[in-house]
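Beneath this line is the structure, given in structure tokens, with notes to follow.
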Amino acid sequence: MQEHKSSMCLYTVIIGGYEELNELPSEIAASSLAKICLTDDPTLTSKTWEIRVVKPAFPMDTVRSQRILKILPHRFLPEFERSLYIDNTIYLKRNPVEIINTFCENSDISVPLHSFREHVYEEFLEVARGGLDDSARIFEQMNHYQLTHSEVLKLKPYWSAILVRNHMKKHVIDLMESWYRQVLRYSRRDQLSLNYAEAETGVNINPIEIDNFSSTYHQWPIYKKRDVSKRLWSPGLSGGMTLFEKMEQAKNLQLSLDNKVRQLVDDYAEIKEKYLPKRAPEGFTQERYYQLNPDVAAAGVDAVQHYLSFGWREDRKWK
Numbered sequence: 001m002q003e004h005k006s007s008m009c010l011y012t013v014i015i016g017g018y019e020e021l022n023e024l025p026s027e028i029a030a031s032s033l034a035k036i037c038l039t040d041d042p043t044l045t046s047k048t049w050e051i052r053v054v055k056p057a058f059p060m061d062t063v064r065s066q067r068i069l070k071i072l073p074h075r076f077l078p079e080f081e082r083s084l085y086i087d088n089t090i091y092l093k094r095n096p097v098e099i100i101n102t103f104c105e106n107s108d109i110s111v112p113l114h115s116f117r118e119h120v121y122e123e124f125l126e127v128a129r130g131g132l133d134d135s136a137r138i139f140e141q142m143n144h145y146q147l148t149h150s151e152v153l154k155l156k157p158y159w160s161a162i163l164v165r166n167h168m169k170k171h172v173i174d175l176m177e178s179w180y181r182q183v184l185r186y187s188r189r190d191q192l193s194l195n196y197a198e199a200e201t202g203v204n205i206n207p208i209e210i211d212n213f214s215s216t217y218h219q220w221p222i223y224k225k226r227d228v229s230k231r232l233w234s235p236g237l238s239g240g241m242t243l244f245e246k247m248e249q250a251k252n253l254q255l256s257l258d259n260k261v262r263q264l265v266d267d268y269a270e271i272k273e274k275y276l277p278k279r280a281p282e283g284f285t286q287e288r289y290y291q292l293n294p295d296v297a298a299a300g301v302d303a304v305q306h307y308l309s310f311g312w313r314e315d316r317k318w319k
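106 is the number that UniProt numbering gives to position 106 of the sequence shown; each next residue is one higher, with no gaps.
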């Protein structure tokens, strides 16, 4: 039986002024379905979305503030039983009511598969390569997954730009809370952890096999006035720096220290050469020098000549 429209909603999230809100197509805008944009911008207006202003969970971390709204609709949209979440960059081609009913009929959560990444571990490497999060945290997460649920790293990752959920069902809530805990503890890039949360909770996700760029349901990416710098991870978020930056800093420090040591050695040699004695010091005797330096005596070298040429530089004892 088809759900009444009031029991479901379409929603998106705009936090931190990352990009300009995309309006909905006219045929979707005309629908009586609730269409909600959660945002921290009190000045944001829309002709097609109902704007709901929210307080960011983490004012200094807009990405995780966006993730909590995206992942946990049961906390923020409890008046609806079902929901279709779309990233702001998704352009819908089909009626969202039809999409929700189609996928929620046989599964309580449906998520597209990543159409151009074959394994979860590849997504980890791509996130690190693109500077989308702290690489030290990324590889810590991947290492922990390898130790606890290694099989998820070889699975095909999900593409979480579209989420269809019976979001008030208990097992869906359990899955979403587990997913969000991973985003809090590890990388803010949520596609790294959804497969793990699925394995951890045992809640099965219905995979939607569509091309991520274009399908009968959507077109992606569609955006305007995007501040791409806000997409990248910044050391200022945690007061740290990426693993690669740390390695580069350590390498530069080592090179600097090596250069300083070489300079000190050269300076010492130059000083010694400049102040090389022209005669043996007062009280110098060959017999005492031989006693203190038996290798010189064994070589049969003149004590004074040896001291002036080598002994002084080598700080050999002579008295």
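We treat Cβ as the ideally placed atom computed from N, Cα and C, and that holds for glycine.
Run of the alpha helix (DSSP H) containing residue i, from where it starts to where it stops
i, result
"V127", "120-129"
"V301", "Careful: V301 lies outside any alpha helix (DSSP H) and carries neither H nor E."
"S26", "26-29"
"E287", "286-292"
Residue i versus residue j - alpha carbon distance
i, j, result
"F284", "Y268", "24 Å"
"D41", "Y91", "22 Å"
"H306", "L264", "25 Å"
"T89", "I28", "16 Å"
"R185", "E177", "12 Å"
"H218", "H114", "14 Å"
"Y223", "E122", "26 Å"
"T102", "L253", "59 Å"
"H304", "P294", "Per the sequence presented here, residue 304 reads as Val, with His not at that position. So the two alpha carbons sit approximately 14 Å from each other."
"R117", "L153", "12 Å"
"V296", "I271", "25 Å"
"F310", "V301", "11 Å"
"Q249", "K170", "48 Å"
"I173", "Y180", "10 Å"
"V298", "E287", "In the sequence on display, residue 298 carries Ala and not Val. So the alpha carbons of these two residues sit roughly 13 Å apart."
"L69", "K260", "53 Å"
"I36", "L72", "14 Å"
"Y98", "K225", "A quick correction: the sequence has Glu, not Tyr, at residue 98. Distance between the alpha carbons of E98 and K225: 30 Å."
"D315", "K251", "34 Å"
"A128", "D266", "42 Å"
"L255", "P277", "35 Å"
"S32", "L24", "13 Å"
"D211", "I86", "15 Å"
"E126", "N22", "27 Å"
"P56", "V183", "16 Å"
"F58", "G131", "21 Å"
Enclosing beta strand (DSSP E) for residue i [first to last residue]
i, result
"A34", "34-39"
"N206", "206-208"
"I14", "8-14"
Cβ-Cβ separation, residue j to residue i (assumed contact under 8 Å), whole Å
i, j, result
"R94", "T12", "Rounded, the Cβ-Cβ distance is 16 Å, inconsistent with contact."
"Y289", "W312", "12 Å between Cβ atoms; not a contact."
"P96", "L84", "5 Å"
"A197", "L175", "6 Å"
"D258", "S187", "That pair is no contact at about 35 Å."
"M8", "R82", "4 Å"
"I14", "T39", "4 Å"
"F80", "A136", "Contact flag wrong, Cβ pair sits at about 39 Å."
Check: residue i C-beta below 7 Å from any heavy atom of the ligand GDP
i, result
"L163", "In terms of ligand content, the structure shown is empty, and the ligand GDP therefore cannot be addressed."
- How about the segment 153-166 and the segment 108-119: do they share at least three Cβ pairs that are nearer than 8 Å? Taking 8 Å as the limit for Cβ pairs, the verdict is that the segment 108-119 does touch the segment 153-166.
- Message: Could you check whether the segment 131-141 touches the segment 46-60, counting it as contact only if at least three pairs of C-beta atoms, one from each stretch, sit closer than 8 Å?
- Response: By the Cβ criterion, the segment 131-141 is not in contact with the segment 46-60, since fewer than three pairs of Cβ atoms, one from each stretch, lie closer than 8 Å.
- Task: Could you say if the segment 188-195 and the segment 153-162 meet the contact criterion of at least three C-beta pairs nearer than 8 Å?
- Result: Yes, they touch.
- At which residue ranges does the UniProt domain "TOD1/MUCI70 glycosyltransferase-like" (47-200) contain complete alpha helix (DSSP H) runs of 4 or more residues, listed in the order of the chain? Counting only runs of 4+ residues, the alpha helix (DSSP H) found wholly inside the UniProt domain "TOD1/MUCI70 glycosyltransferase-like" (47-200) occupies 62-71, 73-76, 96-104, 120-129, 135-148, 170-185, in chain order.
- Query: Below 8 Å, can you find three or more Cβ-Cβ pairs linking the segment 61-71 to the segment 13-27?
  - Reply: Verdict: yes, contact present.
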